[in-house]
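Residue numbers (this note's numbering), protein chains in the order written: chain X, -16 to 436; chain E, -16 to 436; chain Z, -11 to 478; chain L, -11 to 478.
We treat Cβ as the ideally placed atom computed from N, Cα and C, and that holds for glycine.
Owing to the predicted nature of the structure, the values given are computational and were not obtained by experimental measurement.
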Ligand SMILES: Cc1ncc(COP(=O)(O)O)c(C=O)c1O
Ligand SMILES: Cc1ncc(COP(=O)(O)O)c(C=O)c1O
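Written as C-alpha cells, this is what we have:
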C-alpha cells in the first residue's frame, strides 16, 4: 500500500505506523487485509474530487448554501409540516455543546447522566405539553412516528384496519401506507369535508375491525377538528384515537390531545427549537397512556437510584427493543433524534409556561389578522370556515404556483399550492403565520397581492 | 419603587423579592438606596428605546451587520495591521466554549487549571514563533503593546529618548506618542527611505540617551528591514531593539526577531486565529529576554507543583502588577485579551510547525505573484524595491481612493491609500495578499484595474 | 466542582421566571374568543417549568459536564464507529442557507441544496460501487427497512412471492426487527468457527422462499466475510437479493466496494462511517444505495440534475412511496458531504488507519483476554470476559463499569450475542497511538484487578457522579417523567 | 472522568501530525529565494507542536472541564460583576458583517458598524448622564489612563499645571497605576469609619496642584459615597476634575447618574456592568464618557452621524491622539449594545436586583463573619475573616480555598486593602435566590469547619484536580514556557 498522506483527522504518524505493525507482527498494513478476496478488491483509487483546503471547502459550501433562500432573507409563509418559529440563541448554544453532540446512546449510564437526565426532562415536558401520560425519548420525524403509532395501535388492539382522515398531512399518510403495506393493515381514507374531518362519516368507517382513527390537530389545513366527538366515535368501537401533531406549539394554547382523550399522540417536534434544515433532522414525538408503555417503540429513560440511594437515570424497559427482542421488538428503531429532543426540551424550558403560551397566542393572532387582511383582497377567499390556529387556506384568483413565483421576486416565500396533494384544491393556497412573521411582513404580502391584480 | 417586569436574565420572582426583603429587614428595595442623596437621584425612567423581543433584536442587529461588507462577500486586499487569514473552524469552537469565555482572570488557580495551562501554552508558542525567551499572557493590541514596550525600555535603560522608524504602523506610532507624552520620553522620528528604515540615519539618531530603537518587521509597507544592522546599531549605543510585529504569521517563514537580537517584541496577535472584528478585540503580544521579565507589564503564568508534587499552573510574578504595586507597578493593565490569546494558541497548534510555515509561504508566494501581475498594468509600479512578505506598495495612475471606490462596485475591497498617513505618498496604495486571497481573486483585481484604464 | 445530584428543571422552576423574550402581538387586538372557541382553548394548566435564562444555561452546562463524549476521550463503542466529528462540518450545516431552508421552498431557491444531494449521491455511488442512492432514511435501521421494502417491491413486480429473509446469528438486532417490520419471516443462520457466516448452513436454507440475505461485512465480530463470493453465488443462485448492512463500512472504504462484492442494495450509517455526530443517539442518516434494478422502487422524491438545473423528481410510478417526510436528514447529509470532500481519494486511509488501530489494540490486549476468533480483525474486534468470569466472578459488565473509573468509555458489551461475555472494541482511525495505549493499559489494569481486587471491580464505578445504577427497579416500577412526587432522593 | 494531569500540547505532539488543511499555492511556482533572500528566511526550526485535529479538540475540551465559569456556577468575585453573559449577544457579535469586517474598509461598507457606535454612544450618554463617549479603551484601566490624559490635556490648554491626582485608600490598584502612567503624583486619602472617603482629609489636600479625584462610587467596599455632593464641591472648588471609576456602575443603573452626581468624566467596564463576557481575563472594553468640556480632547477617530450617513471623524485638533489602534474592542461593543437594548428602561431593575441580592446574602452571612462597615450595601459587600483567623488560625485564603471544595468560586480576597482578611462578595442580579442561599450555606459551613476541623480548611482544596499550588516557588524560579526539560511531574 502506498504511504499515507498527512491528514488532519488521522493522528498516526509514519513512526506510529511502523511501531504498531511491529507490535502486531505483520510487515505492512496490506497484510491486515488478506481476508478480502483479490477478486473484489478495488484496484484503483476512488474517483472523487481532489481534496480542498479548509478555506476552499467552506467557500464551496457557502456557495451552495447561498444559492438557497433562507428564512432570514425571505419572509416565509410556508408551514405545512415545517414551521419557522423563532429559536432562542441559548437552544443551540447548549444543545450544540460537544459533550452532547459527540456522545452516543447512553449505554453506560453512570457517565451519561447529562443526556439521561435531559431525556427524562424531555419526556416530562412532552407529557405536560400534550397532556399524555408517557412519552418516549424520540422518533425519526412526525410522519414515521405516526406510522409507528399506527403499528402500535394494531398491536395493542389486534385489529388490522385503520381509518385516516385526509386532513392529516399527506406525507404522513403516505408514510403510514408504506409502513403498514406489508403488515396486513388496511388503511381506509376518511375524506375531509370543508377542511375538517367529518364525524358522521368517521362513524360510518369505524368498526370493530378498526385499530385506530388517525386525525391531526390542528389539521393539515390549519383547522381544528371536532376532537371530542371524534374521540367518542373511535372509542365507541374500541378503536384507539391517534392524534398526529404537526406543530405541538399549538398545545400551549389549544386543548391538548390528552385532554380530548387521545390514546396516542404522534407528531413532529421540529417546531420546538429545531431548524427547518430543508426537512431534516426533525424530531418524531410519540406519547401515549401509561397502560400502553410496554408496546411503545423507541427509547425510554427512567428514574432510578444508585447503590447509595442517590437519584439517577437509565435507559429502561429495553426488553421492548430490537437489540434484545430482535424480530419480536416493538420497532426496529435504534438511532433516533436524541439531540433534537434535547433542543426541544431546552426550547420548552426557555419559554416556559408563560412564554410558550404567548408564542402560541401570537401565532394565532397574527394568522387570524393575516387571514382577515388577505381575504379583503378581491379574488382571495377563505377556502373553509371554522377556527384555525396558525395556518389557513385561501382560494386564489390564479394558480397559487404562479403567485408564489411572483412573490419570490420580492423576497416573499408564499404558501403551499395545495393542488400538489389535493387535485380538487388546485386553486387553494395553504399559508402559515408564525410569531416569526411580523405584521409588516403580512402587510407587505397583502400589498404585493393587491398589486398583482 | 415600581414592581418589576419579568425579565429573562433576572431570576428573582415577586415571591423571592418579598422573602428576601423580610430577611434583610427592610420594607422595600427602595430602602436599600437611602444612601443615595435625593438631589442626585434620577427621578424618571431612562430614556432608552423600548425592549425588543429576541427575534426583533436579532433582526435589528442582522440588519446593521448586513449594511457592512464582510470579507466573505468581498475579496479584501486590505492589511495594514489587520489581516484576513483563514481561521480553522476548531479555533472558535474551542475558544468559544463557555467554560473559557465566561470565566475571569484565574485567581483561584486550583479550579482554573484549564485557562492557566492554556495561557502557559500560549506563552510557549509565542516564544517559539518570535524566537524570544519569555512572553506575557497578552496585552490589549499591537499598538498599545508597542507603547508599553517603549515604557519598559525606558525603565530598563533609565534613558528617556526613543527612536521610531516611520515604517512602523502609523497608529502604533501615534499610540507610542500618546503613552509617552507625560512620562518625559522624547520620541524621535526616523524617516524611512524607499520603504525601509535607513541604517545610517538610524545610527545618526541613536545615542547614549536612546532607550530603544523601534522598528517593525515586516514593516508597514510590507518590506523587510535590515534587522541585523539595525540591531547592531541599537546595541552599539546600549539601546534596546524593540521590534513591532503586525503579523506574526510572517515569522513562520522569516527569521524571527529573537534570532536578529531583538530585546522586546511587541505586536499584534490578531492574525493568529482572531477575527477582523472591525479592529477589535485584537491581541497585544509582548515578549522579551528572560533577564527583563521582572520589568514586563501584564500577566504571566508559571508552572509549579501542588502539595502532592503534581504539575500545575499559577499566575506568577504578580509583584510587578498594579493590584499589588499600585503606582509603582510596571503597568496599569488588568483585564487584557486572554480569550484572544487562547484563540491564538489554538490557531498555532492547529496549523503546527508545518502548517504555519505553509500559510506563511503561500502568503508570500501569492503576494509576490500579485505584485508582479499588477505591476504589469500600465501606470501601476512598485513604489519600493526590496523583498516583501505579504504586503507591498504600488504607485497608481490615479487617486487610490478613487480606485477603491470603483473596486467596491465589483465586490473588491482594495488596498489602503497611503496618503492618509504619508502625505508624500498620495499616489501610493498598500495591498495585502494573505493565503485567503485566491489567484482567481488576484486575477480579477488585475482585470478590473486593467479595465479601468 | 459539580458534586451531588443536579436539580431537575422542575426543581429550578419558580412562578414568574422566564428564559426568553417572545414577541408581543403587533396586530389589532381582538378577544381571544373571536379567534378560538372556548372549547378549544387549553383548560388544564400548562405544567412547563419556569426557569430564567442564566439558570437554564447553568442547568444544561452542568449536565453537559456529566456526559462522556468523543471530544472528551476515547470511546471504543464497537459497531458505533465513534470517530472524531469535524467542526468544519458543523459550521457548514449551520449556514443559514441550509439550516433555515424550508423543505417546500420553491425549487428556484433550493438549487444549492439539491445540487448537494445530487453530488453526494454521485460520490456515494462511487464509494459503494452502487448506482443510485436515496437519502430518506433517518438512520441505519430505517435504511434496512427501506432496503427490504425495495426488495419486496422488486419481487412483487416480478410476481415472485418470497417470504423469508436470512439473517446471520451475529447480526445486529435491527436486522431481524426490520425484516419483521417488512412482514418477512426471519431465518437465522449460524456462524462458523472462523466467525463468518456458515456457508453450508446458508446453502441449506437458500431456496426460492428467500427474498434476501442481510449480511454485515465486515460482520459484527469485526471480521471480513472471507467467502463473500461464494455467499454471493448462493444468494443470487436462489434468486434472492444480497443486502449489506453497511454499519461497518469504515473498515473497507476504498479497499473493496460492496457493489463489486455483488451486493444489490445496502444502507450506510453516515453517523458512523462518514463522521456525522451521533448526537447522543441521533440524528443519523441511513441512505440506501442500490444497483439499477432496484432504482425504480426508491422512495420519492429524488433530487436529479436536468441540464444545469436541479429538481426533485416525484413522479416515479414504481416507488415504494415515502418512508419519512421530506427528503431525509438533510443537515446530516451536509456534514457527510463535507467529510467526503475532506478526504476524497484518501478515504482509503481511513479504512487502513482504522484497521491498523484495531489490530494494534488487539495485540496489546490479547495477553489478558480470550479472543474467540483470533485472526486479523478489521476495524473492531471481540474479546470475551469468560476467563475473568470463570476465575474471579467479575463479569464483562463489571469490567465495563470499572473502566469508567479509569476515565474511559466502555466497549460495547454483550454484543454480538453469539460470544459469551462479549466486549466489542472499535478504536476508529482518529485515535492517537497514545490514546490506544492508555486504554489498553487501563483495560489490562482492570483485568489485573479482577484477580487482585475483585470487589472493587464488582462494585464499580466508584469515581463517577453516581455509583452503579439500579436498572432492575427502573424497569419494574417505571418512573418516566416528572411529577410533583418525584422526590429528590439521596 | 478526567483524572491526573493533562499533557501539554508539546506532549501531544508527534512529527508529521497536523490539525488543519492550509491551502496550497496556486500561483506559478518560483524558487523561494526569488521571493526572499536567504538571510531573511527562518533558520532555527519552528518549535511549534504538531497535533492532529481530533487530539487538539480533546485537549482543549478537557482543559475547559478544568475551568470554573459563570455558566457553571455562582461566581461571587467582588468588583468583577460576574453576571450572566447572554448568548444572543454572542450570536450578534459573530455575524459576519461584524466579525469579518476590516477596520479600514471604506466608509460606504461600514455604515452599519458606524451606526451601532453612534447609537451606543447615545444610549451610554443617557445612562451615564454624560455627553460624549470614546470607545477606544480596551479595558477599565485603559479607560482610566485615557480619562486622565483628557484631564491633562484640558488643563494644559488652560495653562494650568496640576501635578497630583487624589486616590482613596480603598481604590483599585489600577487607579494609582494609571495616574502614575499619566505622569501624575498620587495622593492617597483615607477612608472614614463609615467606609466612605474621609471628606475632611480630602479637603485638606484639595488645592490647585490637584488635577483630579479618582472616585469609585459605589466604592470598592460596595458602599455609596453618601457625601458625594460635598465631595463634588470640594473637588470642583479647587478647580480639579471629578473622575469616576465606573467599575461598580451596576449598582446604580437608572437610580442615579454619574453626570448628575457632578462627575466630569468616567470609564465603564462593559465586561462588568454591560454583561460582555470576561473571557478568562479579557477582552473587555473601557469606554470613557465625558461632559462637553472634555470632549474636544477625546481620542480620534470618533464615529459621527452626518444626516443619514455615518462617518469616522479624524480631524479633531485638540485630541490627545490615539490610545490604541482602530476604534476599540468593537466586538465587545456589539454585545453591550445588544445588552442595553434587551433592558432599555428596565436597566434600573438590574441595579435593584443586584443590590437586593447583595443585601440578602449579607444578611445570611452576617452571623458568622465580621462586617467591617455594617450598613446596607450596594451590589457587593466586604466581610472580614479576622474572627476566624484570630480564633482558629484559618485565614481568608484558607476559607477561599475551602469554598472551592464546595463547588463554588471564592470571593475576591484581600481587597480592598484597607480591610484585614477581606472577602469582597458580589452576587450580581442574575443569580437565583436558591444559588445565593446555597453559597451562603457553604460559606457558613466553612466558617463552622474553621472551628471544628481547622486542618481541612487550612489544607484545602481537596477535591479539585490539583491541590493547593505552590505560588512561592513559582515566583522564585519562574518557569514561563515549555522547554524539553519541562518534565511531567507527579
Ligand atoms: C451492525 C449494525 N447494524 C445496524 C445498526 C442500526 O443503525 P442505526 O442505529 O443507525 O439505526 C447498527 C447501529 O448500532 C449496527 O451497529
Ligand atoms: C474598581 C475597579 N477599577 C478598575 C478596574 C480595572 O478594570 P479592567 O480590569 O477592565 O482594566 C477594576 C477591575 O477589576 C475594578 O474592579
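Would you decide whether residue i is buried or exposed? Buried here means 16 or more other CB atoms lie within 10 Å of its CB.
{"i": "residue 417 of chain X", "result": "buried"}
{"i": "residue 359 of chain E", "result": "exposed"}
{"i": "residue 306 of chain L", "result": "exposed"}
{"i": "residue 26 of chain X", "result": "exposed"}
{"i": "residue 33 of chain E", "result": "exposed"}
{"i": "residue 40 of chain X", "result": "buried"}
{"i": "residue 460 of chain L", "result": "exposed"}
{"i": "residue 199 of chain X", "result": "buried"}
{"i": "residue 17 of chain X", "result": "exposed"}
{"i": "residue 46 of chain X", "result": "exposed"}
{"i": "residue 353 of chain Z", "result": "buried"}
{"i": "residue 478 of chain Z", "result": "Residue placement at residue 478 of chain Z cannot be trusted, given a pLDDT of 33 that sits under 50; what the coordinates show is reported in the next sentence. It counts as exposed."}
{"i": "residue 188 of chain L", "result": "exposed"}
{"i": "residue 10 of chain X", "result": "exposed"}
{"i": "residue -11 of chain Z", "result": "The predicted model places residue -11 of chain Z with a pLDDT of 38, which falls under 50 and marks its position as unreliable; any figure quoted below should be read in that light. The residue is buried, with at least 16 neighbouring Cβ atoms inside 10 Å."}
{"i": "residue 32 of chain L", "result": "exposed"}
Along chain E, which residues have their Cβ under 7 Å away from the Cβ of residue i?
{"i": "residue 75 of chain Z", "result": "72, 73 and 76"}
{"i": "residue 41 of chain Z", "result": "-9 and -8"}
Under 9 Å between beta-carbons, which chain Z residues line up against residue i? List them in chain order, please.
{"i": "residue 3 of chain X", "result": "344, 345, 347, 348, 351, 421 and 424"}
For residue i, go through chain L and note every residue whose CB falls closer than 7 Å to its CB, in chain order.
{"i": "residue 47 of chain E", "result": "100, 103 and 104"}
Residue i touches chain L at which residues, Cβ-Cβ below 8 Å?
{"i": "residue 72 of chain Z", "result": "41, 42 and 45"}
I want to verify the contact list: residues of chain X whose CB lies under 9 Å from the CB of residue i, in sequence order.
{"i": "residue 69 of chain E", "result": "36, 37, 38 and 41"}
Pair every Cβ in the stretch 170 to 182 of chain L with every Cβ in the stretch 144 to 158 of chain L, then say whether three or more of these pairs are closer than 8 Å. yes
What residues in the stretch -1 to 26 of chain Z have a beta carbon less than 8 Å from any beta carbon of chain E? 2, 3, 4, 5, 6, 7, 8, 9, 10, 11 and 12
For ligand 1, list every residue whose C-beta falls under 6 Å from any of its heavy atoms, going in chain order. X/317, X/318, Z/67, Z/68, Z/127, Z/128, Z/129, Z/160, Z/162, Z/204, Z/208, Z/233, Z/235, Z/257, Z/272 and Z/274
Below 8 Å between beta carbons is the criterion; list the residues of the stretch 79 to 99 of chain X that meet it against any residue of chain Z, in chain order. 79, 80, 81, 82, 83, 84, 85, 86, 87, 88, 89, 90, 91, 92, 93, 94, 95, 96, 97 and 98
Tell me whether the stretch 425 to 437 of chain Z and the stretch 339 to 354 of chain X touch, counting them as touching only if at least three CB pairs, one residue from each stretch, are closer than 8 Å. no
Along the stretch 43 to 55 of chain L, what residues have a CB closer than 8 Å to any CB found in chain Z? 43, 45, 46, 49, 50 and 53
Closer than 8 Å is the cut-off here; do at least three beta carbon pairs connect the stretch 72 to 90 of chain X with the stretch 198 to 214 of chain X? no
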